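Chains as they are written, first to last, in UniProt numbering: chain P, 1 to 357; chain W, 1 to 357. Even for Gly, the Cβ is constructed at its ideal location relative to N, Cα and C. The model shown is predicted, which means the values in this text are computed figures rather than measured ones.
There are 2 protein chains.
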Amino acid sequence: MDPNSSQRASVTVADVARKAGVSKATAARVLGGYGTVSDRVRDAVTVAARALDYRPNELARSMTTGRSGTIGVVVGDIENPFFSLAVRGITDIARQAGFTVILINSGEDVSAEKAAIRTLVAKRVDGLIVSPAKESDVEHLREAARSGRPLALLDRGSEAFEVDTVIADDRHAAAGITRQLIELGHRRIAYITACDTPDRVFHTPNDINTGSVRRRVEGFLDTCREAGLPAMERWVYMGAVTPEQTRQIAKRMLEGKNRPTAVIASDSVIGLEIFKTSRLIGLAIPQELSLISFHDADWTAVTSPPVTVVRQPVYQLGETAAKLLVERLNGNDTAPRKVVLRTEVVERASVARLLED
Amino acid sequence: MDPNSSQRASVTVADVARKAGVSKATAARVLGGYGTVSDRVRDAVTVAARALDYRPNELARSMTTGRSGTIGVVVGDIENPFFSLAVRGITDIARQAGFTVILINSGEDVSAEKAAIRTLVAKRVDGLIVSPAKESDVEHLREAARSGRPLALLDRGSEAFEVDTVIADDRHAAAGITRQLIELGHRRIAYITACDTPDRVFHTPNDINTGSVRRRVEGFLDTCREAGLPAMERWVYMGAVTPEQTRQIAKRMLEGKNRPTAVIASDSVIGLEIFKTSRLIGLAIPQELSLISFHDADWTAVTSPPVTVVRQPVYQLGETAAKLLVERLNGNDTAPRKVVLRTEVVERASVARLLED
DNA sequence: ATTATGTATGAGACCGGTCTCTTTTCGATT
DNA sequence: AATCGAAAAGAGACCGGTCTCATACATAAT
Numbered sequence: 001m002d003p004n005s006s007q008r009a010s011v012t013v014a015d016v017a018r019k020a021g022v023s024k025a026t027a028a029r030v031l032g033g034y035g036t037v038s039d040r041v042r043d044a045v046t047v048a049a050r051a052l053d054y055r056p057n058e059l060a061r062s063m064t065t066g067r068s069g070t071i072g073v074v075v076g077d078i079e080n081p082f083f084s085l086a087v088r089g090i091t092d093i094a095r096q097a098g099f100t101v102i103l104i105n106s107g108e109d110v111s112a113e114k115a116a117i118r119t120l121v122a123k124r125v126d127g128l129i130v131s132p133a134k135e136s137d138v139e140h141l142r143e144a145a146r147s148g149r150p151l152a153l154l155d156r157g158s159e160a161f162e163v164d165t166v167i168a169d170d171r172h173a174a175a176g177i178t179r180q181l182i183e184l185g186h187r188r189i190a191y192i193t194a195c196d197t198p199d200r201v202f203h204t205p206n207d208i209n210t211g212s213v214r215r216r217v218e219g220f221l222d223t224c225r226e227a228g229l230p231a232m233e234r235w236v237y238m239g240a241v242t243p244e245q246t247r248q249i250a251k252r253m254l255e256g257k258n259r260p261t262a263v264i265a266s267d268s269v270i271g272l273e274i275f276k277t278s279r280l281i282g283l284a285i286p287q288e289l290s291l292i293s294f295h296d297a298d299w300t301a302v303t304s305p306p307v308t309v310v311r312q313p314v315y316q317l318g319e320t321a322a323k324l325l326v327e328r329l330n331g332n333d334t335a336p337r338k339v340v341l342r343t344e345v346v347e348r349a350s351v352a353r354l355l356e357d
Numbered sequence: 001m002d003p004n005s006s007q008r009a010s011v012t013v014a015d016v017a018r019k020a021g022v023s024k025a026t027a028a029r030v031l032g033g034y035g036t037v038s039d040r041v042r043d044a045v046t047v048a049a050r051a052l053d054y055r056p057n058e059l060a061r062s063m064t065t066g067r068s069g070t071i072g073v074v075v076g077d078i079e080n081p082f083f084s085l086a087v088r089g090i091t092d093i094a095r096q097a098g099f100t101v102i103l104i105n106s107g108e109d110v111s112a113e114k115a116a117i118r119t120l121v122a123k124r125v126d127g128l129i130v131s132p133a134k135e136s137d138v139e140h141l142r143e144a145a146r147s148g149r150p151l152a153l154l155d156r157g158s159e160a161f162e163v164d165t166v167i168a169d170d171r172h173a174a175a176g177i178t179r180q181l182i183e184l185g186h187r188r189i190a191y192i193t194a195c196d197t198p199d200r201v202f203h204t205p206n207d208i209n210t211g212s213v214r215r216r217v218e219g220f221l222d223t224c225r226e227a228g229l230p231a232m233e234r235w236v237y238m239g240a241v242t243p244e245q246t247r248q249i250a251k252r253m254l255e256g257k258n259r260p261t262a263v264i265a266s267d268s269v270i271g272l273e274i275f276k277t278s279r280l281i282g283l284a285i286p287q288e289l290s291l292i293s294f295h296d297a298d299w300t301a302v303t304s305p306p307v308t309v310v311r312q313p314v315y316q317l318g319e320t321a322a323k324l325l326v327e328r329l330n331g332n333d334t335a336p337r338k339v340v341l342r343t344e345v346v347e348r349a350s351v352a353r354l355l356e357d
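If you want it as structure tokens, here you go:
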């Protein structure tokens, strides 16, 4: 009833204009900060706006300008420290550039990813950063890019898809630690990942959908082959999706007769489970089992022994993806760029020379 | 030039209507899924939409409906595992209820929080979930709530502000572990938190802006007082904002002559630094120093010794906040609710009876 | 004094949907 | 065949901004 009840029905430029005794167009010029206005009128409008507690409607603004000031981010799982750190990098840069971030988890599921992208496009995000679940299945990404919305890929690229991409030098890192393990005398080296195949058995790297992991496995296998260790395919363990599943796989793997003497964990969540399991079944690290994990998670430094890891520049991964995207948003129209960030092996104490054979 | 170039200028209902040979209103009915349409027309419109690759503009839809299908989330730092897990809970419920999430980090800074909320209101989010940096400074939240947008507070409430709130029973948890330490003979018990005061010294719980931490410190002090330990205020350490600062504080604290025999860490990031520092300066846990940390972070189970923690239902905290909000969004108009979730002490091996005194 | 130049303001279309109100169509009823 | 009522379709206003274009007025140039 009371028109002053401020509640309901937000205040619009028209309301402010009426109160200030000017036209809607003029009030809009002041409020929107464009065009030319006299100081007198500017003050009048500003006062009126304050009095009415005017709040601009960004939605309406986006309608005409065509820019929403929003970027959409699709990651596998924000709960994973890898992604939460990368997202931090993205949001920092985005905020700096005046954008807000809409975040959607895909759960590493392609159909969820498709739905997420549809939603984001419907909401008219200005650009997209995606960590694609399957690098072979990118038609929806291609399409989003075709719609004129800049796109940047995070941590996982696609060879067949030319678009701004930021990844770590996973192949190189995997090759390095593999070589190191071989030089220390290891021959039975396992690689364990969350990725999975329909039949749960690894045949070739092409079975692996996640780009970063595929590159690592390639590095692992190639290095083994060069060192005269063929057919290491059977040492690639898949399906470590949840901690529970990982524990089961680890148990079967480590209790077997022909158990590996070294394990490479594809991320820190898996690394943690391997560590727990080896302790559980009484396998001493590093005397009886060497362990190297990807991702320098905080806990890896405080275990006994502390674990050797491949440190990825996760925050920078996110930051860089956001920077590339913002450049596009600012009109950069050059060819797609692939940025590869360097990793670093942090030597701790979970790796040892193999004594007997 | 080529009108078929699909690129630029997105396809609108009007375009679809023209192609299908019906009015804009009718096409909108089909595309928007409302009103009544004949099967024949529905098919025609659907076919036309597909042919033109029509993508609804959610922005335009939001304009008229007044609902954006978005909820705004403001947390201290998504990089902190506590928040990333809570956010996961929020996004899961939000997605289920058909909402997307706009995420903004406040960095525990009130002015950033204010800016974030202004942005979110401008973007016309349907509701807000905020983890307020200062529970004393909530005028901006109150205002956001007054604008008719439902609001739920996460992990931190405000006594003076009646609004849906989800917290853990921090006071109870702190009292419990304090009592336990006292019973084990500890008298010099330190509490260390990231919260800070201008003069970096703790005087009274009212100095603490973060609701959850204030309640814990109150529980700590009250229990000490009841047990005949007065003036424990000097054992509250503040300003452990970054790992570096925490390390410095921990060093000074643990190397002092009159060092504490037990430490309560207010979160897992701090707990990790205490653990590292005590190892660095050669203080054996638990023989020479007992440690209890809030937040059951993954690493706490794998250290030697594993550390005793207060397990908070973090995911549920986020989930519940989102549920309360969604209920409001669906029209629930009852009095504000305060939900307190129970914590649980996970006994591990970082706490021991104090031998000599 | 008259015309040119530029600045300040107003009027109204527009963005892409939704929604109300009116008109047309069609099947059922008597 | 005439009448009625509901279903289907159309016309056009509306949401809250931006933006183009026209107009009014002031100042400067001739």
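Residue environment, residue i, which counts as buried when at least 16 other CB atoms sit within 10 Å
i                      : result
residue 116 of chain W : buried
residue 355 of chain W : exposed
residue 204 of chain W : exposed
residue 280 of chain W : exposed
residue 62 of chain W  : buried
residue 319 of chain W : buried
residue 323 of chain W : buried
residue 230 of chain W : exposed
residue 67 of chain P  : exposed
residue 257 of chain W : exposed
residue 344 of chain P : exposed
residue 252 of chain P : exposed
residue 246 of chain P : buried
Inter-residue Cα distance where the pair is residue i and residue j
i                      : j                      : result
residue 290 of chain W : residue 85 of chain P  : 31 Å
residue 275 of chain P : residue 302 of chain W : 8 Å
residue 225 of chain W : residue 183 of chain W : 14 Å
residue 242 of chain W : residue 33 of chain P  : 39 Å
residue 210 of chain P : residue 341 of chain P : 17 Å
residue 335 of chain W : residue 163 of chain W : 8 Å
residue 75 of chain W  : residue 83 of chain W  : 7 Å
residue 155 of chain P : residue 212 of chain P : 6 Å
residue 235 of chain P : residue 191 of chain P : 6 Å
Boundaries (first-last residue) of the beta strand (DSSP E) holding residue i
i                      : result
residue 291 of chain W : 290 to 294
Pair within 8 Å by beta-carbon distance, residue i and residue j
i                      : j                      : result
residue 349 of chain P : residue 287 of chain P : no
residue 326 of chain P : residue 97 of chain P  : yes
residue 339 of chain P : residue 80 of chain P  : no
residue 138 of chain W : residue 158 of chain W : yes
residue 64 of chain P  : residue 126 of chain P : no
residue 24 of chain W  : residue 41 of chain W  : no
residue 133 of chain P : residue 113 of chain P : yes
residue 11 of chain P  : residue 55 of chain P  : yes
residue 121 of chain P : residue 149 of chain P : yes
residue 362 of chain P : residue 238 of chain P : In the structure displayed, chain P extends from 1 to 357; residue 362 of chain P sits before or after that span and is not available.
residue 93 of chain W  : residue 88 of chain P  : no
residue 277 of chain P : residue 240 of chain P : no
residue 175 of chain P : residue 223 of chain P : yes
residue 186 of chain W : residue 262 of chain W : yes
Unbroken alpha helix (DSSP H) run spanning residue i, endpoints
i                      : result
residue 159 of chain W : Taken as a continuous stretch (DSSP letters only), residue 159 of chain W belongs to no alpha helix (DSSP H), as it is neither H nor E.
residue 319 of chain W : 314 to 329
residue 24 of chain W  : 24 to 32
residue 249 of chain W : 243 to 255
residue 16 of chain W  : 13 to 20
residue 52 of chain P  : 39 to 52
residue 114 of chain W : 110 to 122
Minimum C-alpha distance to residue i - residue among the options
i                      : options                    : result
residue 266 of chain P : P:31, P:251, P:95, P:217   : P:217
residue 106 of chain W : W:99, W:88, W:121, W:73    : W:73
residue 189 of chain P : P:196, P:198, P:179        : P:179
residue 311 of chain W : W:347, W:285, W:234, W:331 : W:347
residue 295 of chain W : W:47, W:143, W:272, W:227  : W:272
residue 136 of chain P : P:151, P:31, P:161         : P:161
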